[in-house]
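Peer 1: The structure is given below, and queries will be raised subsequently.
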Amino acid sequence: MVAQLPYVTLQKVFARFAEAEPEPKGELEHLNAFTLLVAVALSAQATDVGVNKATRALFQIADTPEKMLALGEEALIDHIKTIGLFRNKAKNVIKLSRLLIDNFGGEVPSSRAALTSLPGVGRKTANVVLSMWFHHPAQAVDTHIFRVGNRTGICPGRDEITVERAIEDNVPVEYQRHAHHWLILHGRYICTARSPKCGICPIADWCLYPEKTA
DNA sequence: ATCCCGAGGG
DNA sequence: CCCTCTGGAT
C-alpha cells in the first residue's frame, strides 16, 4: 500500500486550500463545450500557456465542429505547430469533429463512453469535460495530480484510476467539486516536479514527502 | 513499453 | 544540456 493521509488530516489540508483559493478555476481558455474539448485534447503533454497561445486565434475562426472541418487539417496544423505532438492532435481534432457531426448531432456528448469513443479523447480528457462542463462528479487525474497525490499522501495510487478512487473515497465530499483544480494548481506552482517549493507550501505541515526523503 | 514532439524552465 | 508539460493509441 502507498502511504495515505488520514481523513481528519485531509479535512485540514483542503480547508487550507479553500482558504487560499475559494473558487479555483482551470486555466485553459475556451468559448463553449466544443472548444473546451479541443483545448483539453490539445493540452496533452503541453503547457496551458502554450495551448492558449495557439487556440486564441484558432477558436476565433473555428469554434464549432463544422468550422473546424472547413478549416481543414493542414490549416489546423499551422495553428498548433507550436504545441507538442501536433500531427497526431490535428488528425484527431479533424476526425473528432467529423464524428461529433455524424454521431452526436454536432454536440459534445455528456457520457464518458461517448466521449472516449472520440479519437484523442481518453479517460482523463473525458473526465475534465464531464466535471467542468457537465458538472458530473468525475475526477480527472493528470500528471500534476498523480505526482502531488503520491508525493504528499493526499490521494496516492499506482495508476491514475487508483488515484481517481482515492480522491472519490477519501477527499471530504464538500471539497470534491474543487479538488481537481486545487491539486493541479498546487502541482503547477508549488509542488512542482523538480525542486518542489516546500518552503512556501501551505500544506507542508501535513505532507508525507519529508518522511519519504528522510 | 513506446511513440508522438515543440516550447519553456532550470 | 536535460526535464517537464492538465495523455492517448498501439
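Numbering (this note's numbering), first residue to last: 1067 to 1280. Idealized CB from N, CA, C, for every residue including glycine.
Say the cut is 7 Å; is the CB of T1148 nearer than that to a heavy atom of the ligand NAP?
Peer 2: In terms of ligand content, the structure shown is empty, and the ligand NAP therefore cannot be addressed.
Peer 1: Roughly how far, in whole angstroms, is the beta-carbon of V1079 from the beta-carbon of I1269, given that I think they are within contact range, below 8 Å?
Peer 2: Between I1269 and V1079 the Cβ distance is about 5 Å, and since that is below 8 Å, they are a contact.
Peer 1: From this set, H1201, I1233, P1131, which residue's C-alpha is nearest N1216's C-alpha?
Peer 2: Of the candidates H1201, I1233, P1131, the one whose C-alpha sits nearest the C-alpha of N1216 is I1233.
Peer 1: Spatial neighbours of D1114 within its chain, please: C-beta separation below 7 Å, excluding the five flanking residues on both sides.
Peer 2: Result list for D1114: E1093, L1094, in chain order.
Peer 1: Which runs of the alpha helix (DSSP H), 4 residues or longer, sit entirely within the region 1197 to 1246?
Peer 2: DSSP runs (the alpha helix (DSSP H)) wholly in the region 1197 to 1246: 1209 to 1218, 1226 to 1236.
Peer 1: Cα-Cα, which of N1236, R1082, E1087, H1096 is closest to Q1070?
Peer 2: Looking at the Cα atoms, N1236 is the closest of the given residues.
Peer 1: In chain order, what residues of the same chain have a beta carbon less than 7 Å from the beta carbon of P1090, not counting five sequence neighbours either side?
Peer 2: Closer than 7 Å at the Cβ level, and outside the excluded window around P1090, lie H1244, H1247, W1248, L1251.
Peer 1: Check whether the Cβ atoms of I1160 and A1112 sit closer than 8 Å, and answer yes or no.
Peer 2: No, they are not a contact pair.
Peer 1: Tell me the DSSP secondary structure of S1183 in three-state form.
Peer 2: It is coil, neither helix nor strand.
Peer 1: I'd like the list of long-range same chain contacts for A1110, defined as Cβ closer than 6 Å, with 5 residues on each side in sequence excluded.
Peer 2: Answer for A1110: no residue qualifies.
Peer 1: With distances taken from CA atoms, which of R1189, F1100, I1146 is nearest V1229?
Peer 2: When each option's Cα is compared against that of V1229, the closest is R1189.
Peer 1: What three-state label does DSSP hand R1260 in the structure shown?
Peer 2: Reduced to three states, the DSSP call for R1260 is coil.
Peer 1: Tell me the DSSP secondary structure of K1157 in three-state form.
Peer 2: Helix.
Peer 1: By Cβ distance below 7 Å, which residues in the same chain neighbour K1133 in space, the five residues on each side in sequence not counted?
Peer 2: Closer than 7 Å at the Cβ level, and outside the excluded window around K1133, lie I1127.
Peer 1: Determine the DSSP secondary structure at H1096, reduced to helix, strand or coil.
Peer 2: Reduced to three states, the DSSP call for H1096 is coil.
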